[in-house]
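> From first to last, the protein sequence lines stand for chains A and B.
Going left to right, the first sequence walks through residues 0 to 247 as numbering that gives the first Met the number 0 numbers them.
Going left to right, the second sequence walks through residues 0 to 378 as numbering that gives the first Met the number 0 numbers them.
All C-beta atoms, glycine included, are put in the ideal place defined by N, C-alpha and C.
Keep in mind the model is a prediction, meaning the values are calculated, not measured.
The structure follows.
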Amino acid sequence: MVRVDGKGSGALVEIRSLDKKYRRGGEEIDVLRGLNLDVDAGEFIAFMGPSGSGKTTLLNLIGGLDTPTSGAVRIGGDEISRLSGRKLAAWRSRHIGFIFQMYNLIPVLTAFQNVQLPLLLTNLSKAERRKHVEAALDLVGLSDRMRHYPRQLSGGQEQRVAIARAIVADPTILLCDEPTGDLDRAAGDEILDIISRLSKEYKKTIFLVTHDPIAAKRAGTLLHLDKGTLLECTADGLFACKPEDAGK
Amino acid sequence: MKFLHLVLLNLRRKKTRTALTLGSFLVALFLFGLLMTIKTALGSGVDVAGANRLVVRNRVSLIQPLPLSYREQMLRMPHIREATFATWFGGYYQDMKNFFPNYAIDVATYLDVYHEYRIDPEEWRAFAADREGCVISPPLAKKFGWKIGDRIPLEASIWGGTWEFNVRAIYDSDVKEFITPELWLHWDYLDERRAFFKGFVGWYVVKIDDPANAVEVAAAIDERFANSPWESKTETEKAFAAGFANQIGNIRLLIMSIGSVVFFTLLLVTGNTMASAVRERTGEIGVLKTIGMNDSTVLFLVMAESIVVAAVGGGAGLALAKLFTLGGDPTGGMLPNFFLAGRSIALGFALALAAGAAAGILPAVGAMRLKIVDALRRV
């Protein structure tokens with residue numbers, strides 16, 4: 000279940016009265032204003048909205064990459080906005096997988112080594128790490144590209160390696176920031192197929208930021224961000240609802 | 000250690016830049032190795048000087064002699080156990096470029112004062128019995144291919160003419176610094192043949208009962224010979240050796256100055272290189288932090304990169320310096336103890352690591368403090 004009215008309880012993700020302000024050139028900009036959101040485990044949510052509406056900022060706050068100006072982000076009962084830097088990093092490594100628009104692979108590492116990176120922060124043995132990496136690369140269909148460097152892969156393949164890296168530590172939540180934004184339609188569809196599969200088969204809780212309505216349709220819930228406020232939309236994104244009417 | 004391969008791979012990104020930085024460390028530590036070798040060579044006498052030995056020389060200069068009669072007078076003074084003496088001979092073999100230290104010693108007392116030397120008793124007896132005999136060191140025997148029984152002609156630059164000596168003994172020592180290319184001859188033989196300074200010696204070496212009495216004994220000796228035509232200057236062997244080394248300038252200050260400038264330059268060059276490397280990888284640092292790498296690990300990764308460069312480059316420079324010094328004294332006898340000591344290598348390596356760490360600290364702290372959202376914005 001997804002709610003944007005702040006009246007839910009016991010959800011995997013609970014966001015309350017979230018404010019985020021930035022200061023740019025002496026001017027204070029309200030990016031997010033009093034935002035509420037409850038998301039149960041296994042939901043697939045897409046965020047749409049104009050540029051600068053706060054989509055990526057919201058994603059960063061859910062992933063603990065940024066800290067809110069005020070309000071709370073609770074995930075699995077942990078108030079992550081109050082965790083120290085070290086604890087937050089450890090929490091992120093266990094619970095969050097990130098997929099970026101520009102893939103962000105380390106160019107000097109092979110596909111295998113890139114996917115293995117999050118596991119180096121765990122206590123897994125070398126053999127166990129290998130097993131996990133192979134499974135993740137197999138899931139995204141790149142078992143035969145393990146020893147390839149990013150420069151030897153197509154954009155779609157690079158993004159699949161990035162997905163494998165995001166899921167290799169078996170996180171609870173996947174945060175996808177315009178994962179198809181740099182790909183052609185065919186490659187983008189392949190990526191969306193994998194993300195949909197991760198939602199349906201592996202019951203991952205997925206937050207997808209996109210400008211692409213076709214990509215957004217893969218999600219079970221579409222939320223629209225405008226001027227720092229969340230609105231829930233119908234599946235085709237045509238009708239926006241006011242937050243207070245949006246219980247689902 | 001799990002991230003060591005990432006550190007090494009990062010160094011391979013810009014091979015030219017890494018090679019140049021390694022080269023900076025290599026050249027700097029090679030230079031450091033040579034400077035330390037020269038310092039060791041010049042100061043080797045200082046390091047191994049006997050604490051219970053005093054050197055008595057003419058107050059005016061080392062070139063001026065002292066009367067032989069001083070020995071008996073000194074032996075009657077408290078705390079003095081033995082007194083031996085020597086005179087600079089200044090001979091060379093065939094050509095001036097074959098110069099090596101050679102001096103006339105008092106055969107009866109020399110080994111009583113210098114217990115560091117080891118000589119076969121039979122060889123020593125043969126030397127004592129032959130007024131034209133001489134003792135040589137292993138490096139000299141090796142250099143000229145001399146062996147016991149050989150007759151050696153030396154040109155006497157001070158005393159004039161060609162003097163011939165029979166090699167009767169080759170000394171050895173457990174103290175490495177004592178094995179230098181040198182030759183000893185009989186002081187009696189020198190005094191008999193020379194035309195001037197008869198009955199005079201170049202310097203005395205006095206053995207005292209306790210190093211704690213050194214200052215008192217030195218003052219007493221100088222007081223005894225004060226206001227005489229041959230006033231003395233007495234100092235510990237260590238002070239004498241240091242003074243001798245400093246005759247060509249304050250070596251320590253010179254080496255410290257050159258070394259400091261080299262290391263400071265190295266620090267700037269490496270610091271700038273590391274800063275550039277980190278700047279180029281800002282986005283990647285953001286990604287590493289995103290997947291859960293904490294700030295300390297990021298700090299470690301950048302520092303490790305800088306330290307690995309320092310260790311490899313510095314280690315290679317020191318190895319090269321060691322190889323260079325294995326060839327021996329390049330001055331033909333001016334720096335007999337020309338070797339790179341283990342403690343100098345250790346010091347150089349520690350300094351290289353420190354320079355690597357210092358060069359990496361600012362970029363590493365910058366990377367550590369980098370906010371993830373700011374870093375990802377720069378991808």
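Going along the chain, which residues of its own chain have a beta-carbon closer than 6 Å to the beta-carbon of residue 165(B), five neighbours each way excluded?
Locating residue 165(B) in the second sequence gives position 166, counting from the first residue. Excluding positions up to five away in sequence, the list reads 129, 131, 132 and 150.
> Roughly how many angstroms lie between the CA atoms of residue 139(B) and residue 302(B), to the nearest whole one?
The residue you call residue 139(B) lines up with position 140 of the second sequence. The residue you call residue 302(B) lines up with position 303 of the second sequence. Between residue 139(B) and residue 302(B), the C-alpha separation is close to 49 Å.
> What did DSSP end up calling residue 85(B) once you bin it into helix, strand or coil?
In the second sequence, counting from the first residue as 1, residue 85(B) sits at position 86. Residue 85(B): strand per DSSP, three-state reduction.
> Excluding the 5 residues flanking residue 58(B) on each side, which residues of the same chain have their C-beta closer than 7 Å to its C-beta?
Counting from 1 along the second sequence, the entry for residue 58(B) is found at position 59. Once the five neighbours on either side are set aside, the close Cβ partners of residue 58(B) are 230, 231 and 232.
> When you compare only the Cα positions, how much space is there between residue 320(B) and residue 30(B)?
As a first step, residue 320(B) is located in the second sequence; it is residue number 321 there, counting from the start. As a first step, residue 30(B) is located in the second sequence; it is residue number 31 there, counting from the start. If you take the alpha carbons of residue 320(B) and residue 30(B), they lie about 8 Å apart.
> With 8 Å as the threshold, decide whether the Cβ of residue 34(A) is near any Cβ in chain B.
What you label residue 34(A) is simply residue 35 of the first sequence in a count that begins at 1. Not one chain B Cβ lies under 8 Å of residue 34(A).
> Would you verify that the beta carbon of residue 366(B) is, or is not, closer than 8 Å to some beta carbon of chain A?
Numbered from 1 along the second sequence, position 367 holds the residue referred to as residue 366(B). So, not an interface residue.
> Exposed or buried, which one is residue 65(A) when buried takes at least 16 other CB atoms within 10 Å?
Looking up residue 65(A) in the first sequence gives position 66. Classification for residue 65(A): buried.
> Can you look up residue 243(A) in the DSSP assignment and give me helix, strand or coil?
Here residue 243(A) is taken as the residue at index 244 of the first sequence, counted from 1. Because the pLDDT of residue 243(A) is 41, which lies under 50, any placement of that residue in the model is unreliable, and the number read from its coordinates should be weighed accordingly. Note: residue 243(A) maps to helix in three-state DSSP.
> Taking a Cβ distance cut-off of 9 Å, strictly less, list which residues of the segment 283 to 304 of chain B are near chain A, in chain order.
Hits within the stretch, in order: 283, 285, 286, 287, 288, 289, 290, 291, 292, 293, 294, 295 and 296.
> List the whole-angstrom C-beta distance separating residue 103(A) from residue 282(B), where the pair is believed to meet the contact cut-off of C-beta under 8 Å.
By 1-based counting over the first sequence, the position of residue 103(A) is 104. By 1-based counting over the second sequence, the position of residue 282(B) is 283. Yes, residue 103(A) and residue 282(B) are in contact; Cβ-Cβ is about 7 Å, under 8 Å.
> Considering only residues of the segment 93 to 162 of chain B, which uninterrupted alpha helix (DSSP H) runs meet the minimum length of 4 residues and lie entirely inside it, listed in chain order?
Listed in chain order, they are 109 to 112, 120 to 128 and 137 to 143.
> Rounded to a whole number of angstroms, what is the C-alpha to C-alpha distance between residue 236(B) and residue 155(B)?
The residue labelled residue 236(B) in the question sits at position 237 within the second sequence. The residue labelled residue 155(B) in the question sits at position 156 within the second sequence. Straight-line Cα distance between these residues: approximately 27 Å.
> If you follow the alpha helix (DSSP H) that residue 55(A) is part of, which residue opens it and which one closes it?
To locate residue 55(A), count along the first sequence from 1; it is residue 56. Taken as a continuous stretch (DSSP letters only), the alpha helix (DSSP H) holding residue 55(A) covers 54 to 61.
> Nearest chain B C-beta to residue 122(A) closer than 8 Å, yes or no?
The sequence position of residue 122(A) within the first sequence is 123, counting from 1. Not closer than 8 Å to any Cβ of chain B, the Cβ of residue 122(A) fails to qualify, so no.
> In whole angstroms, give me the CA-to-CA distance for residue 361(B) and residue 155(A).
For the purposes of this step, residue 361(B) is identified with residue 362 of the second sequence, where counting begins at 1. For the purposes of this step, residue 155(A) is identified with residue 156 of the first sequence, where counting begins at 1. Approximately 37 Å, taken between the alpha carbons.
> Just the chain A side, please: which residues come within less than 8 Å of residue 11(B) by C-beta, in chain order?
In the second sequence, residue 11(B) corresponds to position 12, counting from 1. Going along chain A in sequence order, the residues near residue 11(B) (Cβ under 8 Å) are 107.
> Using the beta-carbon of each residue, which ones in chain A are nearer than 7 Å to residue 8(B)?
Counting from one through the second sequence, the residue named residue 8(B) turns up at place 9. Under the 7 Å cutoff, chain A gives 107 and 108.
> Return yes when at least one heavy atom of the ligand PLP lies under 7 Å from the C-beta of residue 219(A), else no.
Absent from the structure shown: the ligand PLP. Ligands present: none.
> With distances taken from CA atoms, which of 338(B), 288(B), 311(B) and 299(B) is nearest residue 87(A)?
Taking the first residue of the first sequence as 1, we reach residue 87(A) at position 88. If we check each option's Cα against that of residue 87(A), 288(B) comes out closest.
> Is residue 101(A) helix, strand or coil by DSSP?
As a first step, residue 101(A) is located in the first sequence; it is residue number 102 there, counting from the start. Correct three-state label for residue 101(A): coil.
> Would residue 164(A) be called buried (16 or more neighbouring beta carbons within 10 Å of its own) or exposed?
For the purposes of this step, residue 164(A) is identified with residue 165 of the first sequence, where counting begins at 1. Counting Cβ neighbours within 10 Å, residue 164(A) comes out buried, since at least 16 surround it.
> Tell me the DSSP secondary structure of residue 177(B) in three-state form.
Along the second sequence, read from residue 1 onward, the residue named residue 177(B) stands at position 178. In this structure, residue 177(B) counts as helix in the three-state DSSP scheme.
> On the criterion of 16 or more Cβ atoms from any shown chain inside 10 Å, does residue 343(B) qualify as buried, or is it exposed?
In the second sequence, counting from the first residue as 1, residue 343(B) sits at position 344. Residue 343(B) is buried by the Cβ-count criterion.
> According to DSSP, is residue 237(A) part of a helix, a strand, or is it coil?
Reading the first sequence from its first residue, position 238 is the one you call residue 237(A). Confidence at residue 237(A) is low in this model, with a pLDDT of 40, below 50, so the placement of that residue should be treated as unreliable; the coordinate-derived value is given next. Correct three-state label for residue 237(A): coil.
> Reducing DSSP to helix, strand and coil, say where residue 188(B) ends up.
Residue 188(B) sits at position 189 when you count from the first residue of the second sequence. Note: residue 188(B) maps to helix in three-state DSSP.
> For chain A, is any of its Cβ atoms less than 8 Å away from the one on residue 1(B)?
Here the question's residue 1(B) lines up with position 2 in the second sequence. It does: the Cβ of residue 1(B) has a partner Cβ on chain A nearer than 8 Å.
> What residue range is occupied by the uninterrupted beta strand (DSSP E) comprising residue 70(B)?
Residue numbering aside, residue 70(B) sits at position 71 when the second sequence is read from its first letter. Looking at the DSSP string, residue 70(B) is not in any beta strand (DSSP E); the run it does join, the alpha helix (DSSP H), is 69 to 74.
> Which chain B residues sit within Cβ distance under 7 Å of residue 117(A)?
One-based indexing of the first sequence puts residue 117(A) at position 118. Going along chain B in sequence order, the residues near residue 117(A) (Cβ under 7 Å) are 290 and 291.
> Rounded to whole angstroms, what is the Cα-Cα separation between residue 71(A) and residue 41(A)?
Locating residue 71(A) in the first sequence gives position 72, counting from the first residue. Locating residue 41(A) in the first sequence gives position 42, counting from the first residue. Spanning the two alpha carbons is a distance of roughly 21 Å.
> Are residue 34(A) and residue 14(A) close, meaning C-beta to C-beta below 8 Å?
Mapped onto the first sequence, residue 34(A) falls at position 35. Mapped onto the first sequence, residue 14(A) falls at position 15. Yes; because the gap between Cβ atoms is below 8 Å, this pair is in contact.
> What's the call for residue 237(A), buried or exposed, on a 16-neighbour Cβ count within 10 Å?
Here residue 237(A) refers to the residue found at position 238 of the first sequence. For residue 237(A), the pLDDT reaches just 40, beneath the cut-off of 50, and the residue's location in the model is therefore unreliable, leaving the point undetermined.
> Indicate whether at least one CB of chain B lies closer than 8 Å to the CB of residue 159(A).
For the purposes of this step, residue 159(A) is identified with residue 160 of the first sequence, where counting begins at 1. Not closer than 8 Å to any Cβ of chain B, the Cβ of residue 159(A) fails to qualify, so no.
> Residue 55(B): which of 101(B), 219(B), 175(B) and 323(B) sits nearest, CA to CA?
Here residue 55(B) refers to the residue found at position 56 of the second sequence. Considering only alpha carbons, the answer is 219(B).
> Closer than 6 Å by C-beta to residue 149(A): which residues in its own chain qualify, once you throw out the five before and the five after it? Chain order, please.
Taking the first sequence and counting its residues from 1, the one referred to as residue 149(A) is at position 150. Hits under 6 Å: 104, 106 and 157.
> Cutting at 7 Å between CB atoms, please list the residues of its own chain near residue 97(A), excluding the five before and the five after it.
Residue numbering aside, residue 97(A) sits at position 98 when the first sequence is read from its first letter. The answer, listed in chain order, is 62, 165 and 174.
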